[in-house]
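Enquirer:
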Amino acid sequence: TRTPVTVTVTGAAGQIGYALLFRIASGHLLGEGVPVRLRLLEIPQAVKAAEGTAMELDDCAFPLLSGIDIFDDAGKAFEGANVALLVGARPRTKGMERGDLLEANGGIFKPQGEAINAGAADDIKVLVVGNPANTNALIAQQHAPDVPAERFTAMTRLDHNRALAQLSKKAGVSVSDIRRMTIWGNHSATQYPDIFHAEIAGKNAAETVNDQNWLENDFIPTVAKRGAAIIEARGASSAASAASAAIDHVHTWVNGTADGDWTSMAVVSDGSYGVAEGLISSFPVTAKDGKWEIVQGLEIDDFSRARIDASVAELSEERDAVRKLGLI
Ligand code: NDP
């Protein structure tokens, strides 16, 4: 029998947590036959709700779930963690300024970075889902100096999957016929979904679609504003698709990308494609043996350049703001 992998999930009693935990426990996060031990972190008021979810997890009798522990203390929750999914965050409420939002989240992600630094396993992999995800990941990473920076990532896989879905509809093909989709930049309205390097059945996607008006006025805004459209339609946020994308992100990181394909992940920039070093920005990445690499050598035309630069500028502003607040 294999040793269980320890997975820590924060915000476990929230909407995304409710959709996420059952898929982790049924074995979809890591792959075939890998047992998991869950460590759930919640704020004290939500511990009882997390206990209710844990009761349901017990009742599923998942063969791969070897234990669940619940904490309201980050120091304990990250002990021995091999994978950490940072989902809990302070939502933006009415009238809240961006600075207030960043400050409130600094108060969450700084201690969590410190706790990961102090207690997580040597092979810890961190995915930040809670928004503003890229900057929350940066805050946590900056407070975990003993953990290699590349272990801190933020989620743009939902944007990536949304882009695949939109392109597959437009082209009348299955999502599995599409390769090399890319989301660049911040997980925000400025993100840039790029089909100029994507392929449909092996042919260039932008050339195959050949519709610049659709690309600019339909595809890009639809992908960027999909979360709001779902809230409008179902009266609740897109928690299940976010959870599904978190599963995909970690599964790909651990098990690798297919030959000839890549995925989108927000990772620490090494200066590739003119993205300032140290920012956590979305790139096309390949993964193998539990390590990711930014795809190199793609040609970026003026249209794409302007959009990547705008999103990266927003990430720089967020970094400056959290620096000013003394959060990093
Ligand atoms: P959700 O579970 O719906 O969302 C959690 C976070 O994920 C939010 O920051 C949200 O950002 C973000 N997110 C990213 N992508 C999506 C998407 N597609 N759809 C929806 N959200 C997305 O929030 P809940 O309020 O239901 O639950 C949050 C839980 O976290 C609560 O139980 C709370 O107690 C807990 N919490 C735990 C902390 C901890 O463990 N230390 C700290 C803070 C909170 P956005 O708001 O921008 O949509």
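Residue numbering for the sequence shown follows the UniProt record's numbering, starting at 2 and increasing by one per position.
We put the beta carbon where it would ideally sit given N, CA and C, even for glycine.
1. Determine the closest residue to Gly290 out of Trp254, Phe284 and Gly275, with distance taken between C-alpha atoms.
2. Taking the beta carbon of Ile179 as the centre, do at least 16 other beta carbons fall within 10 Å, making it buried, or is it exposed?
3. Looking at Met156 and His250, is the spacing between their C-beta atoms short of 8 Å?
4. Return yes when the C-beta of Pro194 is under 7 Å from any heavy atom of ligand 1, and no when it is not.
5. For the stretch 141-159 against the stretch 123-130, are there 3 or more C-beta pairs whose distance is under 8 Å?
6. Can you give the Cα-Cα distance for Asn187 and Ala51, rounded to whole angstroms?
7. Let me confirm a value: Thr4 is counted as buried when at least 16 other C-beta atoms fall within 10 Å, else exposed. Which label applies?
8. Kindly indicate which residue of Gly257, Val268 and Glu43 has the alpha-carbon position closest to the one of Leu316.
9. Just the Cα atoms here: how many angstroms apart are Leu103 and Ala202?
10. Would you call the stretch 98-113 and the stretch 54-72 in contact, with 3 or more CB pairs under 8 Å?
11. Find the nearest neighbour of Gln67 within the set Val37, Lys292, Ile281 and Leu326, judged by alpha-carbon distance.
12. Closest to His144 by CA distance: which of Asp73, Gln192, Phe110 and Thr223 is it?
13. Can the beta-carbon of Leu86 be found less than 8 Å from the beta-carbon of Val130?
14. May I have the straight-line CA-CA distance separating Pro146 from Gly120, to the nearest angstrom?
15. Helix, strand or coil: how does DSSP classify Phe72 here?
16. Find the nearest neighbour of Ala141 within the set Ala90, Arg158 and Lys171, judged by alpha-carbon distance.
17. Between which two residues does the alpha helix (DSSP H) containing Arg324 stretch?
18. According to DSSP, what are the bridge partners of Ser283?
19. Can you find the residues in the same chain that come closer than 7 Å, C-beta to C-beta, to Pro45, ignoring five residues on each side of it along the sequence?
20. Is any heavy atom in ligand 2 found nearer than 7 Å to the beta carbon of Asn162?
21. Just grab the DSSP bridge partners of Asp195 for me.
22. Pick helix, strand or coil for Phe79, following the three-state DSSP scheme.
Expert: Put simply:
1. To locate residue 290, count along the sequence shown from 1; it is residue 289. The residue asked about is misnamed: residue 290 is Asp in this sequence, not Gly. Out of Trp254, Phe284 and Gly275, Trp254 has the C-alpha closest to the C-alpha of Asp290.
2. As a working note, residue 179 is residue 178 in the sequence shown. By the 10 Å Cβ count, Ile179 comes out buried.
3. In the sequence shown, counting from the first residue as 1, residue 250 sits at position 249. In the sequence shown, counting from the first residue as 1, residue 156 sits at position 155. Contact flag set, yes.
4. Taking the sequence shown and counting its residues from 1, one reaches residue 194 at position 193. Not so, every heavy atom of ligand 1 lies at least 7 Å from the Cβ.
5. yes
6. Start at 1 with the first residue of the sequence shown, and residue 187 comes out as number 186. Start at 1 with the first residue of the sequence shown, and residue 51 comes out as number 50. Those two C-alpha atoms are separated by around 30 Å.
7. Residue mapping note: residue 4 aligns to position 3 of the sequence shown, counting from 1. When all chains shown are included, Thr4 counts as exposed.
8. In the sequence shown, the residue the question calls residue 316 occupies position 315. Ranking the options by Cα distance to Leu316, first place goes to Val268.
9. Position 102 of the sequence shown, counted from the first residue, corresponds to residue 103. Position 201 of the sequence shown, counted from the first residue, corresponds to residue 202. Going by the C-alpha atoms only, they are around 42 Å apart.
10. no
11. On the sequence shown, position 66 is the one that residue 67 refers to. Per the sequence shown, the amino acid found at residue 67 is Ser instead of Gln. Looking at the Cα atoms, Val37 is the closest of the given residues.
12. Reading the sequence shown from its first residue, position 143 is the one you call residue 144. For His144, the nearest C-alpha among the options comes from Phe110.
13. As a first step, residue 86 must be located in the sequence shown, where it is residue number 85. As a first step, residue 130 must be located in the sequence shown, where it is residue number 129. In this structure, Val130 lies closer than 8 Å to Leu86 by Cβ.
14. Taking the sequence shown and counting its residues from 1, one reaches residue 146 at position 145. Taking the sequence shown and counting its residues from 1, one reaches residue 120 at position 119. Cα-Cα distance, rounded: 13 Å.
15. By 1-based counting over the sequence shown, the position of residue 72 is 71. Correct three-state label for Phe72: strand.
16. As a working mapping, residue 141 is identified with position 140 in the sequence shown. When only C-alpha atoms are compared, the closest one is Ala90.
17. Stepping through the sequence shown from its first residue, residue 324 is reached at position 323. Run containing Arg324: Asp303 to Lys325, per the alpha helix (DSSP H) assignment.
18. Indexing the sequence shown from 1 puts residue 283 at position 282. According to DSSP, Ser283 bridges with Gly186 and Ala267.
19. Residue 45 sits at position 44 when you count from the first residue of the sequence shown. Answer for Pro45: Asp73, listed in chain order.
20. Judged by which ligands are present, ligand 2 is missing from the structure shown, whose ligands are ligand 1.
21. What you label residue 195 is simply residue 194 of the sequence shown in a count that begins at 1. The partner list for Asp195 (beta bridge, DSSP) reads Thr183.
22. Here residue 79 is taken as the residue at index 78 of the sequence shown, counted from 1. Phe79: coil per DSSP, three-state reduction.
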